[in-house]
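Structure, as structure tokens:
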Amino acid sequence: MPSREVVQHFEDVVKEATGEGPVQEITTETPQSLITKHKCLAARPSAQSCPQHYDDGRLQPDQNRVQSTGARTPFSIAAEIEAQVAATKARRESEAKDREKAEAEAKAKHEIESLQ
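According to my numbering, the sequence shown holds residues 915 to 1030 in order.
Structure (structure tokens):
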């Protein structure tokens, strides 16, 4: 483990975060969010926290970890397929009932017109 003098010297010499990462040189074409992420994820000798919020891909504590759109398991895929089949069946039954009702109304209307 390095001594305090070595760490202090390193902190004095290296003020900015350094390290290999996605951004090797800053150009005008580089998105600023990528530069910020690189600076936040690069090693910091003084263990300072990142000044800006950055997205490291992890869920926040208030995010729902159960209903997320993460990995799909065979059980979740089967449940999704069953739900789609049930919804399709219900829709077809509803459409058939609507068709029968419309046909019955048309037939009744035709009978009334023929009586007059």
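Glycine included, C-beta positions come from ideal geometry on N, C-alpha and C.
Query - Simplified DSSP assignment, three categories, for R1013 - result: In the structure shown, R1013 sits in a helix (DSSP, three-state: H, G or I).
Report task. Let me know the secondary structure DSSP gives T987 once reduced to three states. Result -> T987: coil per DSSP, three-state reduction.
**Report entry** Three-way DSSP call (helix, strand, coil) for S917 in this model
**Finding:** Coil at S917, not helix or strand.
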